[in-house]
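Its first residue numbered 1, the sequence shown is counted upward by one per residue in UniProt numbering.
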Amino acid sequence: MPSERAPVSLKIAAGAGLLFLHLPILLIFIYAFTTEDKSYQWPPPGLTLKWFAVTWGRPDVWAALRLSLQVAAISTAVALVLGTLCAAAVSRAHFFGRETVSLLVILPIALPGVVTGIALRSAFHIAEIPFSFWTIVLGHATFCVVVVYNNAVARFRRTSGSLIEASMDLGADSFQTLRHVILPNIATALLAGGMLAFALSFDEVIVTTFTAGQQQTLPIWMLEELVRPRQRPVTNVVAMVVVLVTLLPILGAYYLTRGTDAVAGQGK
């Protein structure tokens, strides 16, 4: 029987890969406490907590954070509705061009963000839609829908169709079947997809650059602060917040979707 213990070389390679991925993030956390306010020095000349108080008192940070949270929340809500409907149609109905529809739904997240941003900006210009809060929401919804769709369609395909048939045979109407059979079986998938969509929207930069106009979401604020810095440690403090805000939904989505190999209605 083969040993379950990984060889030392594989452990070292895995550790090196993790270090390569996460060491820059660790540096962000360290520089959030540095006493130097103009440039990055290693090792930091000293450590302080004053930049957290400075960040707390910056109204521009709060305005950018508020805008990012509002955009992410509404984009996620739009994605939940559209992504779930698309997933239900593709997984439960058989029609000509179904695979083409599926490809078109996931295309926005496969395209480079610059291409999506240019396409949206051109569309808004042709339609004479001024840049506003809602243009940012529409831009973010294009890729948030994909995340929800991928989670929902996978769960729909793994949910036994006999459950819906049994519900209808027992006299339930469409709304009752949706409420008592379908939604309970896909709820965790939708919640996980919504969390991932929120995290993606919250830290999106490229598409936002093309659709925001003069407005600043938190990632756009960070980018401009790096180009024309006033207080670099404040940018690192905000970066810590972005990391934590995006990490929590991702962890939640992971725990919600792990261990779902069993098909709903067949042992789950």
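Here a beta-carbon is modelled for each residue, glycine too, at the ideal position from N, C-alpha and C.
Fair warning: this is a prediction, and the values are worked out from it, not measured in the lab.
Bounds of the alpha helix (DSSP H) holding Thr-84 are 59-92. Residue Met-195 holds the alpha-carbon nearest to the alpha-carbon of Leu-251 among Leu-69, Trp-134, Thr-34, Met-195. Nearest in C-alpha terms to Val-78, of all of Leu-67, Gly-57, Arg-157, Ala-197, is Ala-197.
Under the 10 Å beta carbon count, Asp-203 is surrounded by 16 or more other beta carbons and is classified as buried. Contact between the stretch 103-116 and the stretch 237-245 is not established, with fewer than three Cβ pairs separated by less than 8 angstroms. Boundaries of the alpha helix (DSSP H) around Leu-103: 98-110. Following the DSSP letters along the chain, one finds Ser-9 inside the alpha helix (DSSP H) bounded by residues 8-31. A check of alpha carbon separations from Ala-64 across Val-243, Leu-85, Leu-218, Ala-119 identifies Leu-218 as the nearest. It is roughly 30 angstroms from the alpha-carbon of Leu-26 to the alpha-carbon of Phe-210. Taken through DSSP and simplified to helix, strand or coil, Leu-120 comes out as helix. Bridge partners of Thr-34 according to DSSP: Leu-47. Around the beta carbon of Tyr-255, fewer than 16 other beta carbons sit within 10 angstroms, so the residue counts as exposed. About 16 angstroms separates the CB atoms of Val-71 and Ile-129; that is not less than 8 angstroms, and the two are not in contact.
Contact between His-140 and Ser-102 is ruled out by a C-beta separation of about 21 angstroms, above the 8 angstroms threshold.
For the 9 angstroms CB-CB criterion, Phe-156 and Ala-87 form a contact. If you draw a straight line from the Cα of Val-241 to the Cα of Gly-213, it comes to about 24 angstroms. Cβ contact annotation for Ile-220 (same chain, cutoff 8 angstroms, sequence separation greater than five): Ala-64, Val-205, Thr-208, Thr-209, Ala-212, in chain order.
Burial state of Leu-190 is buried, judged by a 10 Å Cβ sphere holding 16 or more other Cβ atoms.
In the structure shown, Val-115 falls within a helical segment according to DSSP collapsed to helix, strand and coil. Measuring C-alpha to C-alpha distances from Cys-144 to each of Leu-23, Gly-113, Ala-166 identifies Gly-113 as the nearest. In this structure, the alpha-carbon of Val-227 lies about 48 angstroms from that of Arg-158. In the structure shown, the three-state DSSP call for Val-205 is coil.
Counting only the Cα atoms, Phe-29 lies some 10 angstroms from Leu-23.
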